[in-house]
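**Student:** With mature numbering (1 follows the signal peptide of the UniProt record, and there is no 0) applied, the sequence shown corresponds to residues -23 to -1, 1 to 302, in that order.
Note that the Cβ used here is the ideal one computed from N, Cα and C, for glycine as well.
Before I ask anything, here is the structure I am working with.
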Amino acid sequence: MNRSLRRFALAASCMLFAGQLMAEPKRPECIAPASPGGGFDLTCKLAQSALVNEKLLTKPMRVTYMPGGVGAVAYNAVVAQRPADAGTLVAWSSGSLLNLAQGKFGRFDETNVRWLAAVGTSYGAIAVKSDSPYKTLDDLVQALKKDPSKVVIGSGGTVGSQDWMQTALIAKAAGINPRDLRYVALEGGGEIATALLGGHIQVGSTDISDSMPHIQSGDMRLLAVFSEKRLDEPEMKDIPTAKEQGYDIVWPVVRGFYLGPKVSDEDYAWWKDAFDKLLASEDFAKLRDQRELFPFAMTGPELDTYVKKQVADYKVLAKEFGLIQ
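And the structure:
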């Protein structure tokens, strides 16, 4: 074989090897680390639909559920038991980062996974049943001032979760000790909605994307959304912000995916390229909008930097509330 042919053969074999490394993952799966029906479920199903619609996957990912610790069980399972599984994505949110900041994921921290993509953002919200006596955020605050033990608040996770933090910030602004509030810890937005509609709680500290199906059905109302200004969507434009009601609280809920810590660089690059294409797609933007999410697109090293900065900021907030030393 002459030198030119040898070079061509070597190049061809390298391309074939690279193609094998960068192949579509077999049996792709998205783990929603909560019960069905909440924000993690929504995040997985958004990617499930979009990756097939954009022909980035030939078949839809399976969506599986791994509730426990608002993400802690799934985080530990992937890091410890499936660290190199290139086909397994796990949904995360700002709440996951807040829990990491407080050490709630056990011996693992924010450096123990490969942060892949952020695909959109929602905003925190305070929900009540449509027939609730609380018509405004101030109605709720006055009831809490009178007797905080009489108002049962459902939140995703225990003390220190982002749902808890939203009401703690309201309490602090109103001069109420957040520790006096009466909480029921639930596993994500799906359980909050079920408990609220079933009359087991009176207030749900949740987020707007989880709530909109129940708002549109007429079963629930939102007293406030924690965005900078009213959201420019037809079904959301009448929902008041906390800020306009005198409570300067903004809480975005970013949503995305991570991979196990030992997933190869080649497989990570395949997923990053897929999400870069997805996030640039107009069809994906429409699909994201249908899921009541707003634009927030970030992948790879940029996302890794963002996540670590957010965790550091949340540690400061957690110390302020006496949640960590």
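With DSSP as the reference, label ARG233 as helix, strand or coil.
**Tutor:** Looking at the sequence provided, one finds Gly at residue 233 rather than Arg. Here GLY233 sits in strand by DSSP.
**Student:** Taking only three categories from DSSP, how would you classify SER70?
**Tutor:** Residue state, collapsed to three classes: strand.
**Student:** Are the stretch 130 to 142 and the stretch 171 to 179 touching by the rule of at least three beta carbon pairs closer than 8 Å?
**Tutor:** The stretch 130 to 142, when compared against the stretch 171 to 179, does touch it at the 8 Å Cβ threshold.
**Student:** Mind checking which residues open and close the alpha helix (DSSP H) that includes TRP141?
**Tutor:** Where TRP141 is concerned, the enclosing alpha helix (DSSP H) stretches over 139 to 150.
**Student:** Measure from the alpha carbon of PRO5 to the alpha carbon of each residue in LYS22, PRO13 and LEU117, then state which is nearest.
**Tutor:** When only C-alpha atoms are compared, the closest one is LYS22.
**Student:** Suppose the cutoff is 6 Å on Cβ atoms and the five residues either side in sequence are ignored; what does the same chain contact list for LEU93 look like?
**Tutor:** So the qualifying residues of the chain are PHE234, TYR235, LEU236 and TRP248.
**Student:** Could you have a look at ILE8 and say whether DSSP puts it in helix, strand or coil?
**Tutor:** If DSSP states are grouped into helix, strand and coil, ILE8 belongs with the strands.
**Student:** Leaving out five residues before and five after ALA27 in sequence, what residues of the same chain have Cβ atoms less than 6 Å from its Cβ?
**Tutor:** For ALA27, where only same-chain residues beyond five positions count, the Cβ hits under 6 Å are LEU255, PHE261 and LEU264.
**Student:** Have a look at GLY101, THR113 and THR218 and flag the residue whose alpha-carbon is nearest the alpha-carbon of THR183.
**Tutor:** Measuring from the Cα of THR183, the nearest candidate turns out to be GLY101.
**Student:** What does the Cβ neighbour count give for SER186, buried or exposed, with the cut at 16 atoms within 10 Å?
**Tutor:** Classification of SER186: buried, given that the 10 Å Cβ count is 16 or more.
**Student:** Does the count of Cβ pairs from the stretch 73 to 87 and the stretch 42 to 62 closer than 8 Å reach three?
**Tutor:** Yes, since at least three Cβ pairs between the stretch 73 to 87 and the stretch 42 to 62 fall closer than 8 Å, the two stretches touch.
**Student:** Examine the Cβ distances between the stretch 195 to 212 and the stretch 149 to 161 and report whether three or more of them are shorter than 8 Å.
**Tutor:** Cβ pair count under 8 Å is below three, so no.
**Student:** I'd like to confirm the pairing. Which residues does DSSP put opposite ALA94 in its beta bridges?
**Tutor:** Answer is PHE234 and THR276, bridged to ALA94.
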